[in-house]
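Accompanying notes for the structure given below.
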Amino acid sequence: MAESAKPTPQLELFNSMTKKKELFEPLVEGKVRMYVCGVTPYDFSHIGHARAYVAFDVLYRYLKFLGYEVEYVRNFTDIDDKIIKRANEAGETVTSLSSRFINEFLLDMAQLQCLPPTCEPRVTDHIEHIIELITKIMENGKAYAMEGDVYFSVDTFPEYLSLSGRKLDHNLAGSRVAVDTRKRNPADFALWKAAKEGEPFWDSPWGRGRPGWHIECSAMSAHYLGHVFDIHGGGKDLIFPHHENELAQSRAAYPESEVKCWMHNGFVNKDDQKMSKSDKNFFTIRDVRDEILAVSSINYVVDSHILLGYLTAVLFQIIDLYHPMALRFFLMRTHYRGDVNHSDKALEIASDRVYYIYQTLYDCEEVLSQYRGENISVPVPVEEQDMVNKHHSEFLESMADDLRTTDKLQQKLEQQKKKQQQQKQQKQKQQQAQKQPEEYIQAMFALETEIKNKISILGLMPPSSLAEALKQLKDKALKRAGLTEELLQEQIEQRTAARKNKQFDVSDQIRKQLGSKGIALMDEPTGTVWRPCEPESE
1 MAESAKPTPQ LELFNSMTKK KELFEPLVEG KVRMYVCGVT PYDFSHIGHA
51 RAYVAFDVLY RYLKFLGYEV EYVRNFTDID DKIIKRANEA GETVTSLSSR
101 FINEFLLDMA QLQCLPPTCE PRVTDHIEHI IELITKIMEN GKAYAMEGDV
151 YFSVDTFPEY LSLSGRKLDH NLAGSRVAVD TRKRNPADFA LWKAAKEGEP
201 FWDSPWGRGR PGWHIECSAM SAHYLGHVFD IHGGGKDLIF PHHENELAQS
251 RAAYPESEVK CWMHNGFVNK DDQKMSKSDK NFFTIRDVRD EILAVSSINY
301 VVDSHILLGY LTAVLFQIID LYHPMALRFF LMRTHYRGDV NHSDKALEIA
351 SDRVYYIYQT LYDCEEVLSQ YRGENISVPV PVEEQDMVNK HHSEFLESMA
401 DDLRTTDKLQ QKLEQQKKKQ QQQKQQKQKQ QQAQKQPEEY IQAMFALETE
451 IKNKISILGL MPPSSLAEAL KQLKDKALKR AGLTEELLQE QIEQRTAARK
501 NKQFDVSDQI RKQLGSKGIA LMDEPTGTVW RPCEPESE
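Written out as structure tokens, the structure reads:
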């Protein structure tokens with residue numbers, strides 16, 4: 001008799017405030033309210049953004065799997081110094097530029113299969129709420145106005161820096177904005193900025209101006225989720241100053257304000273350095289999917305430390321290289337709080353693993369297709385049911401442990417592949433021309449359902465059919481190798497001819513050359529076939 005699956009373990013999440021994992025218990029039973037800081041849309045989003053939003057998409061999906069009704073808010077900072085500067089350079093309005101890059105961001109998120117949040121508010125739609133919040137902070141004596149600007153006074157808020165654990169004398173004024181010598185304390189930060197010549201502005205009690213960077217999220221999170229909510233997330237670079245300042249603002253206005261769990265994801269590094277637009281060492285999401293192969297009238301040298309994300313976005317001379325699910329898998333292989341180190345090899349490995357997963361599931365679908373309409377009455381064999389239950393329990397235990405996504409899924413797929421091979425051998429031994437024994441069919445149905453269910457929770461099931469996803473992965477592998485299907489077939493035919501002529505050194509060389517380009521050849525009774533693989537060393 002098969003062992004029953006264990007009950008779902010309770011979710012534990014690491015809280016950046018307490019610096020430890022804590023049992024997650026929502027404020028309202030059955031409901032979760034979550035706010036994640038969104039992008040400033042002045043350029044295409046880079047892979048670091050993908051890192052953050054894939055991480056919180058996994059959380060969002062898992063909370064929904066656990067049965068919670070999740071209210072997920074992710075904002076757009078559509079008014080900012082960088083947007084204004086970029087719009088002026090491009091000769092377009094702030095609204096036009098930010099809306100364009102918001103649309104591009106949403107396309108990127110859809111490609112990565114990040115589910116749309118419940119709400120995606122824009123700062124410019126909430127100026128009224130921001131002004132109301134600043135007014136409340138001033139009424140409570142926690143902010144001051146000077147010549148149309150309004151600053152938060154950190155000296156009036158003893159809890160300041162409780163999230164980051166920094167010391168006040170460690171603060172670096174001017175890290176994102178210019179130092180203002182009028183401030184009472186260099187660490188004081190802007191809640192409202194007086195309008196400058198040619199900048200967008202809104203009327204306020206302090207004159208025409210626009211919001212500071214931090215106040216927006218305090219206002220929008222309170223508007224949509226209330227002053228107390230369950231989860232606030234973002235990249236760990238937001239702990240200070242952004243989230244630290246959010247916390248101060250919210251509590252200065254409404255002392256009861258509280259976030260039950262602060263969550264922060266790690267960076268994506270290149271050459272062990274954090275990627276950022278300001279440092280110009282970043283990949284856009286599209287750079288990872290695409291690569292510039294030619295630019296008609298422009299010659300340039302690629303510096304391995306200065307990545308051409310901006311040029312990629314502008315020049316539009318791109319060819320797809322990686323399937324979006326390979327990028328998602330790559331980002332998920334490292335725990336969300338850890339730093340991911342980007343490399344071509346890591347992406348190749350991720351692409352190879354995704355192909356393996358899809359191929360295994362496709363093979364399973366093909367075998368089972370002739371039995372799906374039948375009513376097979378025999379139960380799933382005990383051994384296979386125990387395997388399914390064990391995998392289900394281990395998956396839930398990993399996810400409950402602060403979303404510990406691991407390679408256990410890959411291990412399970414390898415077990416399933418081995419089971420398929422055993423079934424094929426069994427079929428040959430029994431000389432069954434039509435069907436395998438019913439118990440094996442039931443076992444495969446159970447394994448297929450289990451794996452697809454878990455892949456779906458992780459957001460890794462392809463939106464198209466498995467056959468279409470496999471074709472897309474093969475097409476991208478050919479492009480990375482600089483080959484076409486026709487050129488590859490020519491090399492396969494040359495190798496076949498060399499083998500027939502016993503020129504094994506020639507045939508081996510062709511196989512090795514293709515292997516170094518990420519193309520694996522497999523000799524089968526019906527001929528030679530190929531599949532993408534991790535490039536081999538020559």
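According to UniProt numbering, the sequence shown is numbered sequentially starting from 1. All C-beta atoms, glycine included, are put in the ideal place defined by N, C-alpha and C. No experiment lies behind these values; they were computed from the predicted model shown.
What residues are listed by DSSP as bridge partners for residue i?
i, result
"residue 557", "One cannot answer for residue 557 here, as it falls past the ends of the chain, which runs 1 to 538."
"Thr528", "Asp523"
"Lys20", "Asn15"
"Cys261", "Ile231"
"Asn88", "None, per the DSSP bridge assignment."
"Lys454", "According to DSSP, Lys454 bridges with nothing at all."
"Ala50", "Looking at the DSSP assignment, Ala50 forms no beta bridge with any residue, so it has no partner."
"Asp43", "Beta-bridge pairing links Asp43 to no other residue."
"Val340", "Val268"
"Val28", "Lys31"
"Tyr72", "Met34"
"Arg210", "Lys193"
Hey, how far is the Cα of residue i from the Cα of residue j?
i, j, result
"Arg61", "Leu458", "7 Å"
"Lys502", "Tyr358", "36 Å"
"His223", "Asn88", "31 Å"
"Leu514", "Gln494", "12 Å"
"Arg100", "Gln489", "42 Å"
"Ala446", "Phe395", "16 Å"
"Arg208", "Gly482", "56 Å"
"Pro462", "Asp203", "48 Å"
"Ser398", "Arg184", "49 Å"
"Gln10", "Ala443", "29 Å"
"Val154", "Asn245", "9 Å"
"Leu168", "Ala187", "8 Å"
For the beta strand (DSSP E) that residue i lies in, which residues bound it at each end?
i, result
"Lys31", "31-36"
"Asn375", "Asn375 -> no beta strand (DSSP E), and no H or E assigned at all."
Are residue i and residue j closer than 9 Å when you measure CB to CB?
i, j, result
"Ser162", "Leu106", "no"
"Ile215", "Trp262", "no"
"Ile441", "Ile376", "yes"
"Glu92", "Pro41", "no"
"Ala50", "Leu112", "yes"
"Arg210", "Ile79", "yes"
"Cys37", "Gly165", "no"
"Ser516", "Glu536", "yes"
"Met332", "Thr449", "no"
"Ile84", "Glu197", "no"
"His342", "Lys236", "no"
"Val228", "Leu63", "no"
"Ala190", "Phe152", "yes"
Excluding the 5 residues flanking residue i on each side, which residues of the same chain have their C-beta closer than 6 Å to its C-beta?
i, result
"Tyr72", "Met34, Tyr60, Pro117, Thr118"
"Val301", "Only weak support is given to the placement of Val301: the predicted model assigns it a pLDDT of 31, under 50, and the value that follows is read from those uncertain coordinates. So the list is empty, once near-sequence residues are dropped."
"Ile137", "Ala143, Ala252, Ala253"
"Met220", "Asn75, Pro121, His126"
"Glu534", "Glu348, Ile349, Asp352"
Could you please give the first and the last residue of the uninterrupted alpha helix (DSSP H) stretch that includes residue i?
i, result
"Glu197", "No alpha helix (DSSP H) holds Glu197; DSSP gives it neither H nor E."
"Val123", "Element bounds for Val123: n/a, residue is neither H nor E."
"Asp230", "Element bounds for Asp230: not the alpha helix (DSSP H) but the beta strand (DSSP E), 228-235."
"Glu256", "Run containing Glu256: none; DSSP gives neither H nor E here."
"Pro324", "324-332"
"Tyr144", "Note, Tyr144: premise wrong, no alpha helix (DSSP H); beta strand (DSSP E) at 143-146."
"Gly515", "504-516"
"Glu159", "From DSSP, Glu159 is part of no alpha helix (DSSP H); its letter is neither H nor E."
"Asn501", "Looking at the DSSP string, Asn501 is not in any alpha helix (DSSP H), and its letter there is neither H nor E."
"Asp386", "382-400"
"Phe101", "94-111"
"Cys217", "215-225"
"Leu466", "466-481"
Return the chain-ordered list of same chain residues with a C-beta closer than 7 Å to the C-beta of residue i, the five sequence neighbours on each side being excluded.
i, result
"Glu439", "Val378, Pro381"
"Trp206", "Ala145, Gly148, Val150, Trp192"
"Tyr362", "Leu466, Ala467, Leu470"
"Tyr53", "Met109, Cys114"
"Asp401", "Glu12"
"Ala477", "Gly518, Ile519, Pro532"
"Lys21", "Glu12, Leu13, Phe14, Asp402"
"Thr496", "Thr528"
"Phe330", "Ala346, Leu347, Ala350"
Could you pull out every residue in the same chain whose Cβ sits closer than 8 Å to the Cβ of residue i, ignoring the five residues on either side in sequence?
i, result
"Leu473", "His323, Ala326, Ser351, Val354, Tyr355, Tyr358, Pro532"
"Gly30", "Gly67, Tyr68, Glu69"
"Asp303", "With a pLDDT of only 34 at Asp303, under 50, the local geometry of the prediction cannot be trusted, and no value is derived from it."
"Ser96", "Ala87"
"Leu23", "Gln10, Leu11, Glu12"
"Ala195", "Gly148, Phe201, Gly207, Arg208, Gly209, Arg210"
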